[in-house]
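Input: a single structure, listed below in structure tokens.
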Amino acid sequence: MKKILIVSDNPKLTSFIKQIIIPGINDIECDFCYSKINKTPFLMQELGAEEIDIKSKDVDFARRYDVIFSLHCKQIFPAEIVNNTVCVNVHPGLNPYNRGWFPQVFSIINKLPIGATIHLMNEDVDAGDIIIQKQTFIADFDTSLEVYEKVQNIELELLSEWFERIVLGDYETFSPKEVGNYNSINDFNELCNLNLEHVGTLKEHIELLRALSHGDFKNAYFVDADEIKRYIKVDIM
């Protein structure tokens, strides 16, 4: 019996694994959790997931599981976890490009490749050996949301093919070709604070707004003369 832990803050991927993939695998026991810092856990709770603070877990906890999966988990796994069992990350970016937060946002701006990567986890962020990855492409009219949806569809495709193989240890890995680049949450927050005096082409400004437009999320903003924060996004038809 393989014992698996899914730590996820993504209901779509979690639902797919729980309702579509797991029922087709024999001799597997799977626990589902969402991260402690998830501010909107309701959909994860509906899927039966429980809160976990993965950063507080120790070696003994890690060794309870044959494989621990991170599916868009908002917490970084500590060394005590990644060094004491097989930890696998399903990452919405094409490692090693734009590792870290919101890869699709930065790929719209810096033109680095985007896609999905399933990789082993180590103590560095999104830097472990790669099991499988697949690239997608950004259209000139795509916002962050459209690109993210493309990436999620690839993740579902890769999970369909590779989840059971990973559980059974039936895979090989390869190292990233280079270190690549990393973007922090602070980098994203700096992008959101629009500089109204910035000099650039109209194309560059549209790309910035495309990158920061993600459905109903309030990302890009400027502060007006009355010190009121005004949010802005684009809707391209």
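Quick note: to get the working numbering, add 4 to the position in the sequence shown (first position is 1).
No residue lacks a Cβ here, since even glycine has one placed at the ideal position from N, Cα and C.
Whole angstroms are fine: how far does the CA of residue j sit from the CA of residue i?
| i | j | result |
| --- | --- | --- |
| Glu168 | Met5 | 13 Å |
| Glu176 | Phe46 | 36 Å |
| Gly184 | Asp130 | 10 Å |
| Glu33 | Pro107 | 32 Å |
| Leu206 | Leu216 | 16 Å |
| Phe226 | Ile210 | 15 Å |
| Asp57 | Gly204 | 43 Å |
| Ile232 | Leu198 | 13 Å |
| Val90 | Ala66 | 9 Å |
| Glu161 | Asp228 | 44 Å |
| Asp195 | Asp31 | Checking the displayed sequence, the identity of residue 195 turns out to be Leu instead of Asp. Distance between the alpha carbons of Leu195 and Asp31 is about 47 Å. |
| Val155 | Ala120 | 6 Å |
| Arg214 | Gln139 | 20 Å |
| Gln23 | Glu153 | 20 Å |
| Ser188 | Gln49 | 28 Å |
| Thr18 | Asp230 | 44 Å |
| Gly219 | Gly132 | 31 Å |
| Thr116 | Glu165 | What sits at residue 116 in the sequence shown is Leu, not Thr. Distance between the alpha carbons of Leu116 and Glu165 is about 26 Å. |
Under a Cβ-count criterion, where at least 16 other Cβ atoms within 10 Å of its own Cβ denotes burial, should residue i be classed as buried or exposed?
| i | result |
| --- | --- |
| Tyr235 | exposed |
| Ala143 | exposed |
| Gln137 | buried |
| Phe221 | exposed |
| Ser111 | buried |
| Ala83 | exposed |
| Leu200 | exposed |
| Glu208 | exposed |
| Asn223 | buried |
DSSP state of residue i, grouped into three classes?
| i | result |
| --- | --- |
| Arg169 | helix |
| Phe73 | strand |
| Val238 | coil |
| Leu98 | coil |
| Ile122 | strand |
| Glu231 | coil |
| Gln49 | helix |
| Val129 | coil |
| Asn93 | strand |
| Ile3 | Outside the shown range of the chain (5 to 241) lies residue 3, about which nothing can therefore be said. |
| Gln108 | helix |
| Ile80 | coil |
If the criterion is Cβ atoms closer than 8 Å, does the pair residue i and residue j meet it?
| i | j | result |
| --- | --- | --- |
| Asn99 | Pro27 | no |
| Phe20 | Leu163 | yes |
| Val86 | Met125 | yes |
| Ile118 | Phe73 | no |
| Ser12 | His76 | yes |
| Ile96 | Leu51 | In the sequence under discussion, the amino acid at residue 96 is Pro, which differs from the Ile named in the question. No, these two residues do not count as a Cβ contact at 8 Å. |
| Val171 | Ile29 | yes |
| Val71 | Val92 | yes |
| Phe40 | Glu55 | Sequence check: residue 40 is Lys here, not Phe. Yes, these two residues count as a Cβ contact at 8 Å. |
| Tyr69 | Ala53 | no |
| Val94 | Ile134 | no |
| Gln79 | Lys61 | no |
| Ile8 | Phe145 | no |
| Trp105 | Phe192 | yes |
Exercise. Can you list, in chain order, the stretches of the alpha helix (DSSP H) that have 4 or more residues and sit fully within the segment 143-227?
Worked result: 148-172, 189-196, 206-216
Exercise. In chain order, which continuous runs of the alpha helix (DSSP H) of length 4 or greater are located wholly inside the segment 7-42?
Worked result: 15-20
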